[in-house]
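For reference, the structure discussed in these notes is given below.
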Amino acid sequence: MDYTVVIAGEAGQGLQTIGGILSKVFARSSFHVFTHQDYMSRIRGGHNFYQIRFSDKPVSSSKSRIDLLVALNRESIEIHKDRLTEYGMVVYDASYVKKTYQGDEFLDVPFESISRELTGSSLMSNTVATASVLGMLGMDLNIYEGIIKESFKKKGEDIIKKNIDASRAGYDYAIKKCLKCRFSVPSGVGRPGLLINGNQAIGLGAIASGCKFYSAYPMTPSTGVMIYIASKAKEYGIVVEQAEDEISAINMALGASFAGVRAMTGTSGGGFALMVEGLSLAGMTETPIVIAEVQRPGPATGLPTRTEQADLLFLLYAGHGEFPRVVFAPGSPEQAFYLTNRAFELAEKYQIPVLILSDQYLADSQWSYEGFDLSEISFTDYRLRGREFQALKQYKRHLLTEDGISPMAVPGEGEHVVVTDSDEHDEDGHIIEDAETRVKMVNKRLKAKMESIRQEISPPLYYGDERAEIVLVGWGSMYGILKETVDVLSSKYPISMMHFSQIYPFPSIKEHDFMERLKMAQKAICIEQNATGQFARYLRSETGFDFDLKINKYDGRPFMLDELIGQIEEII
Amino acid sequence: MDYTVVIAGEAGQGLQTIGGILSKVFARSSFHVFTHQDYMSRIRGGHNFYQIRFSDKPVSSSKSRIDLLVALNRESIEIHKDRLTEYGMVVYDASYVKKTYQGDEFLDVPFESISRELTGSSLMSNTVATASVLGMLGMDLNIYEGIIKESFKKKGEDIIKKNIDASRAGYDYAIKKCLKCRFSVPSGVGRPGLLINGNQAIGLGAIASGCKFYSAYPMTPSTGVMIYIASKAKEYGIVVEQAEDEISAINMALGASFAGVRAMTGTSGGGFALMVEGLSLAGMTETPIVIAEVQRPGPATGLPTRTEQADLLFLLYAGHGEFPRVVFAPGSPEQAFYLTNRAFELAEKYQIPVLILSDQYLADSQWSYEGFDLSEISFTDYRLRGREFQALKQYKRHLLTEDGISPMAVPGEGEHVVVTDSDEHDEDGHIIEDAETRVKMVNKRLKAKMESIRQEISPPLYYGDERAEIVLVGWGSMYGILKETVDVLSSKYPISMMHFSQIYPFPSIKEHDFMERLKMAQKAICIEQNATGQFARYLRSETGFDFDLKINKYDGRPFMLDELIGQIEEII
Amino acid sequence: MSLDRELYKGQTPAWCPGCGNFSILETLKEALSELQIRPHQVTLVSGIGQAGKLPHYMRCNTFNGLHGRTLPVATGIKLANHEMLVIAVAGDGDCYGEGGNHLIHAIRRNINVKLFVHNNQIYGLTKGQSSPTSLQGMVSKTQPFGSLSEPLNPLAMAVALDCSFVARGYAADREYLKYLMKEAINHRGFALLDILQPCVTFNKINTYQWYAERIYRLDDSYNNTDRKLAFETALQWGDRIPTGIIFRNNKAVFEEKIPVLKERPLKNNFNPPEDLQTLLKEFY
Amino acid sequence: MSLDRELYKGQTPAWCPGCGNFSILETLKEALSELQIRPHQVTLVSGIGQAGKLPHYMRCNTFNGLHGRTLPVATGIKLANHEMLVIAVAGDGDCYGEGGNHLIHAIRRNINVKLFVHNNQIYGLTKGQSSPTSLQGMVSKTQPFGSLSEPLNPLAMAVALDCSFVARGYAADREYLKYLMKEAINHRGFALLDILQPCVTFNKINTYQWYAERIYRLDDSYNNTDRKLAFETALQWGDRIPTGIIFRNNKAVFEEKIPVLKERPLKNNFNPPEDLQTLLKEFY
Ligand SMILES: Cc1ncc(C[n+]2csc(CCOP(=O)(O)OP(=O)(O)O)c2C)c(N)n1
Ligand SMILES: Cc1ncc(C[n+]2csc(CCOP(=O)(O)OP(=O)(O)O)c2C)c(N)n1
Ligand code: SF4
Ligand code: SF4
Ligand SMILES: [Mg+2]
Ligand SMILES: [Mg+2]
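Quick note, the sequences are listed as chains D, E, X and G, same order.
Using the working numbering, read the first sequence as starting at 17 and increasing by one per residue.
Using the working numbering, read the second sequence as starting at 17 and increasing by one per residue.
Using the working numbering, read the third sequence as starting at 612 and increasing by one per residue.
Using the working numbering, read the fourth sequence as starting at 612 and increasing by one per residue.
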């Protein structure tokens, strides 16, 4: 069993609420869930949709075909009806869209009039719609009712009751009328699942890592990280500040980090472009910082609400001058959660900027999991505080050490002063100009540290046939789709996936043998959501390996499973 | 004959004037001249020096050893005396530095008291010093007198006379007292030479290319470009605007370019970091712009007045999203002049940003030439103006064309409107969100253009033994030093240089066979002024070729000829 | 005689029904048509935000650039072609937040550019975060404790910077807004016109009603050349909110001070110089 | 009892002999010593420029960051540790040019940071280009037609933005400058202290003598809580230039409005939360 439900309509019609609730119902019913969102850069009108796939087997991508379309307006039917599967159904409100569609696949449920009849207003139409989907699927209504009770707790019993009434009516109506529905959804086995998207996972990872300061300027599709952290600010003692611009955002975070707290900022490509000077400042002053860059298609404003992976090379080399950094590109919310934790640990341990490269596809896609293992989360306080700091005879912020790591004290917690400088500086942090100190500092700050950092980087994740002839290579948000592609195609071909989420520094090829696998493969295909094949280029700069097969998509939309499979089969 | 003269002292003592005049005298005497400057980031005090090499054979780098040191303070003697050649001399004013040095190499010329005696003030001490150098070298005073007359024309006869008197006195004094001087400077053969530094050459190239708008924010070592252009603004009808910040600088230039003039900005790494979003805007709106990035050592503020080549990878990939660009890195003022012209031509022809990557070493170094060939300068007006524009039936700024180049009209010169957008847009320039238009636009803007642009890129300059076993590879300001290194070492080894000044897109290896030479060489050495070997990495990403020999310098100072030769001989 | 407004017809707006931006758009078309400025004689420079989309919804030269960077682009255009009418269309986040620095310096320059700010006291396009002009205490998803900063008073700031034309309009008072737009366009020098614009979707505080209860037009006796009075007037914000021309002066215009622009627009001067030899000679 | 000034001893300044920065440096040490603020209790945040070097010439916590970005860094530090005295030391180019936007928003926040601007009306470190406060007509190598913009009046702008403490000092009037520094430090809220500072090398217009002829101290009767009077006073610039506290108010301080900072500085709260399970549960 593997169904795709799409809720489609105009911005402002509440399709995100319907989609969000349905996903939650499926996850609580212990199905595997994967959702993705397609929305325009406008607040009302236009055409958006919310796509949910749920199954009793793991799912980690979307498909082109739709089993159940919830159409909130007429345009949605026109746009999506060709995507229906053989027994696919459309549910809609004929009186609302002012047209009745003929054909077995159309189910007219009068969302509005049911709502109005029962509650006196059309406000609960979406509740009716949501419940009718559950009816069509032949699922239970209990879980949805539970969700209604939770979400409207603050609004009072009356609202809860009205919603429950509306949901029951929609549900019953659908069951009664949907004679053509052939859906068969087993009752859940296993435990209810956690459902989380990429932005939330980064925010959660940050809080779990002791992040106490988040300054940012709103920018789609990264704003979700800020919103999540802000929603927990009070409870978890976090300062979240909306800066006047991105330059300020990164400099504030650096100030907070200097003063002794774990600090982070987040943005998308255009905002990151403005942070580049600050990134270089972090490098020079050895101030830890974590930066989430949630990509959207560029250049410039591009397609603000869509997805792309075209900022990779930019991030690898952003900033004037040379300084160490780490770049992670999680492939799933789970990876985002753990890698954000790792980002904070490495940032603090090596006193460097760590970049988390995500994209709109990952940011807005929900994945379901049994749970996260919190014992995997680490926390070490790498700073010199209080007594330990006071006890020092002398203190030099940029002390030359063999491993390049200097003691990082919290200013004010001891009598010593903490000095750092964006100019080249001596061990004390004071400005210098001589060649000798310069060389020592570069060797310490860049060379010594970079080698140790490389040891911290895990090799790519290899999945599938150990002796695969076809290796699909990808990074970041390509993880889910590549994994399922391998699952599908492995019955036909000796195929595997190599997924990079720890991008920079490049995992040591002396210590890990993944390049051997790539060289042994008959066909290595680099699959990326950009036009120029940035990862392929990066891999070549690190290893000399040249892909002769590449699949690139740059229309701002994620790959659909069947689409990618088709493209792969075409070229192999 | 090949002499090195160094003028050393504190900031503010006028050593730049002395150095500038001496270089000019040497160039006018038809010698080959190469100068470089070493100065601190302060206005008074500290220690600076100005190094001049002149010879009857071409010179294009500096050497460690000094033949004649003009020491304006005591510290200068201490710092530089160990660099003297066997018959090297120091000229200084013992009463001013309050110490008399013993030894044949020291010549005490009382700069100040001669000035005071003759002119009643110490203001002409530097004139005395300058002339004494000419005396020590046994050169003629005529050319210097000519320079005095030119430079003080506006200040009147009296000042000219005083300076000439002072110079004669200093000259005579030196000739009389410098019995140990063994310099032998032939009287010039050939024609007087032109003397120009990298910043001036870029400015000159810009004016020659019809640049009419330059907006920038001051930043060492790029400010010289702005100063040169500003000095010609009135005469050549150029608007030069000091912006409030670098973000404004690039956006102003884009505005001016959109409105119909050739526009440019210039900065150093930190300022460029702030321009990155604007760069991406140029890419999306297809607005031509030329940007000079004059590097200094980073990260962050780094060493503001020194040299490095560590922004290469940053520039290649700067900006979110993907768009075409060209990156040039001239190796000499001459290359800077011609490549700046080419930058303007390509920027306008392809409607793209073109970056000129220079550095402090090139910016502040003067080279002498017989002249520049102005017939090599091209100018084509690629814009639709006036009647041609008016005659169109319809106009679409971003028309889809096979070669990717859309008609670029000057707004206001016809009834059609000119529309562009930082969002993804249609042919008219209006915002769109659909996948199909997106793909068409990327194919037009990026893919179609990039291939034609690559055809415009010349292969690297190859110099030396055709079947060299040792190939020195470098880019940008390494040109002069590598060339001379080859000259020196070619008597001992089959050696050559491969110099890249047209960096990006990478010259086509299908059409040019330079990579064959590299592969055939027994030793290919990549020589760069940075710590991580950025060009080597870039070359590998383009060709897979991996250097096993690299020489990297990152102390902020340029290579000296003998120093580099030593390092090469050590590793081959 | 006004020009036919169809001349300015553009794409269908993607704004929310009821948004204050519609009246600003229509009023701008009216003002241009009454001033007989044809579409190709004006360039609209916009940033990113709901306001920034305006130029797509009409027909005229357009540079829709980056969020916050309208004024530098507008300045560049004006310097390259000072015969062009250049209007920067910005949001409050765009122009007072991200682009605040450029505003200060455009005012200092007194470049003859018009800045129309769609001030809805909110970030519209990014879904309702508070903006520099949001009232204190406005809660949003990114400001869980409410906006803690004092709202920016752009008019007082402009008066303090001696801005040569400072005005406030209200989107729903279209007649007066048209008058203010025309005055701003006709003014010689930089003109800031801050337009209060209800955002019906996200700003539930500063609604049509909220504005209607407070807004009044400055009366004819108001002396808008008195800087101190202008400052006091600009500070009025509460029960009564003045609209009208708060301040104006006649100081010299930036581009007129640049000798190079005396004879013709820079863009007409695009050929490279012929006497390059003269330039070269200086280096010998 | 003042602290021993040797406590603050730093590196030897690389400024030009006679530069106004020397008195600012010495005065700051005096002010801190008299206020008994020990070096580790204060953090100086500076940008790039001659002014930006000041922290190296004394001993105290220092973050010498980027040109123009003092205030965001200072804001971050203050939010992470509001028990620390945070002083931003900036140049006029630094803070009114490159960093102008941050000034507007730091004032709006009313974060309890002190901003001391070394206003020499010139770009010193980059060798004499005109700055936002340079007088009109000042010719430099990058402004061949002279500075064409109206000089920024930072005090008038600050008053317009309702800045909670606005003052002007003069480098050569050390006693008074010390008083102003102490007042700024003791003030609760954001404090802008603009310090006129002769640049003996590049600014040949605004010399010691030029200032001496014009500068006066506001007298005791001056009511610095009157915003309109403050505005008028801030506009005085010409034959007579006032120094002193131009304006002050007692509005609420930013960091005190953030509930999270009520109990202790953020930096003391560095451990990750223990009840992560609670967070996770919401996703089920
Ligand atoms: C550099 C950058 N940062 C952030 C954004 C995201 N962004 C787009 S519009 C906007 C704010 C919109 O608010 P406003 O300027 O007031 O315009 P409105 O939508 O309210 O008209 C933001 C933050 C962006 N496009 N670019
Ligand atoms: C982003 C950036 N742009 C430009 C510079 C170059 N720069 C250094 S100091 C300075 C201006 C100095 O003037 P000001 O801030 O007034 O300080 P002063 O030297 O006069 O004290 C500039 C433009 C820089 N360091 N960083
Ligand atoms: S969100 Fe607000 S400003 Fe944007 S279109 Fe809707 S009503 Fe207008
Ligand atoms: S240049 Fe001016 S500001 Fe800088 S140190 Fe010298 S006198 Fe002071
Ligand atoms: Mg707004
Ligand atoms: Mg200054």
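Glycine included, C-beta positions come from ideal geometry on N, C-alpha and C.
Discussion item. Measuring straight from C-alpha to C-alpha, what distance separates Asn-730/G and Gly-629/G?
Written reply: 16 Å
Worksheet item: In chain X, which residues lie with their C-beta within 7 Å of the C-beta of Val-252/E?
Response: It is Tyr, not Val, that sits at residue 252/E in the sequence shown. Residues of chain X passing the Cβ test: Pro-884.
Worksheet entry | Best match in Ser-131/D, Phe-47/D, Thr-303/D and Tyr-112/D for proximity to Asp-124/D [C-alpha to C-alpha] | Tyr-112/D
Practice prompt. State yes or no: is the C-beta of Val-277/E within less than 8 Å of the C-beta of Ala-685/X?
Written response: no
Discussion item. Taking 8 Å as the threshold (beta carbon to beta carbon), is Val-750/X in contact with chain E?
Written reply: no
Practice prompt. Consider the C-beta atom of Gly-855/G and the heavy atoms of ligand 4; say whether any pair is separated by less than 7 Å.
Written response: no
Worksheet item: Ordered along the chain, which non-local residues of its own chain (more than five positions away) have a Cβ less than 6 Å from that of Gln-216/D?
Response: Tyr-244
Fill in: Selected residue, minimal CA-CA separation from Asn-814/X, among Thr-844/X, Ala-782/X, Ser-745/X and Leu-726/X
Ser-745/X
Worksheet item: Taking 8 Å as the CB-CB cut-off, is Leu-746/X touching chain G?
Response: no
Worksheet entry | Span of the beta strand (DSSP E) around Asn-64/D | 61–71
Worksheet entry | Ala-363/E versus Gly-186/E, Ala-308/E and Glu-386/E, residue with shortest Cα-Cα distance | Ala-308/E
Worksheet item: Hey, out of Ala-352/E, Ile-218/E, Ile-447/E and Thr-301/E, whose CA is closest to Leu-319/D's CA?
Response: Ile-447/E
Fill in: Any C-beta of chain D under 8 Å from that of Thr-654/G
yes
Discussion item. Just to confirm my understanding: we take Asp-327/E, look at its own chain, exclude 5 residues before and 5 after, and list those with CB closer than 6 Å. What are they?
Written reply: Gly-285 and Gln-311
Fill in: Arg-358/D versus Gly-702/X - alpha carbon distance
39 Å
Worksheet item: Which residues, taken in chain order from the segment 218–238 of chain E, show a beta carbon closer than 9 Å to some beta carbon of chain X?
Response: Leu-220, Ile-223, Ala-224, Ser-225, Gly-226, Cys-227, Lys-228, Phe-229 and Ser-231
Discussion item. Under 8 Å, with one C-beta from each stretch per pair, do the segment 379–391 of chain D and the segment 48–68 of chain D reach the 3-pair mark?
Written reply: yes
Fill in: Where the beta strand (DSSP E) through Arg-779/X begins and ends
776–781
Item to complete: Would you check if there are 3 or more beta carbon pairs closer than 8 Å linking the segment 32–41 of chain E to the segment 157–164 of chain E?
Response: yes
Worksheet item: Hey, would you say Phe-858/X sits closer than 8 Å to Val-750/X, going by beta carbons?
Response: no
Item to complete: Using beta-carbon positions only, say whether Ala-352/D and Gly-226/D come within less than 8 Å of one another.
Response: no
Item to complete: Return yes when the C-beta of Ile-816/X is under 7 Å from any heavy atom of ligand 5, and no when it is not.
Response: no
Worksheet item: Does Arg-81/D have its Cβ less than 8 Å from a Cβ in chain X?
Response: no
Worksheet item: Does Asn-835/X get closer than 8 Å to chain E when you measure Cβ to Cβ?
Response: no
Worksheet item: Arg-680/X versus chain G: which residues are under 7 Å apart at the beta carbon?
Response: Residues of chain G passing the Cβ test: none, with the nearest at roughly 12 Å.
Discussion item. Is Gly-287/E close to ligand 5? I mean its beta-carbon at under 7 Å from any heavy atom of the ligand.
Written reply: no
Worksheet item: In terms of residues, what are the limits of the alpha helix (DSSP H) holding Gln-213/D?
Response: A small fix is needed here, since residue 213/D is Asn in this sequence, not Gln. Element bounds for Asn-213/D: not the alpha helix (DSSP H) but the beta strand (DSSP E), 210–213.
Discussion item. Counting only Cβ pairs nearer than 9 Å, list the residues of chain D close to Lys-463/E.
Written reply: Ala-547 and Thr-548
Worksheet item: Arg-278/E touches chain X at which residues, Cβ-Cβ below 9 Å?
Response: Phe-881 and Pro-883
Practice prompt. Could you please tell me which residues of the segment 205–217 of chain D, in chain order, have their CB closer than 9 Å to any CB of chain X?
Written response: none
Worksheet item: Among residues of its own chain, excluding the 5 on either side of Ile-393/E, which ones have a beta-carbon nearer than 6 Å to its beta-carbon?
Response: Ala-224 and Asn-357
Item to complete: Could I get the ranges of all uninterrupted alpha helix (DSSP H) runs contained in the segment 659–701 of chain X, with 4 residues as the minimum, in chain order?
Response: 681–691
Worksheet item: Are Pro-853/X and Phe-756/G closer than 8 Å when you measure CB to CB?
Response: no
Worksheet item: Any heavy atom of ligand 2 closer than 7 Å to the CB of Ser-742/G?
Response: yes
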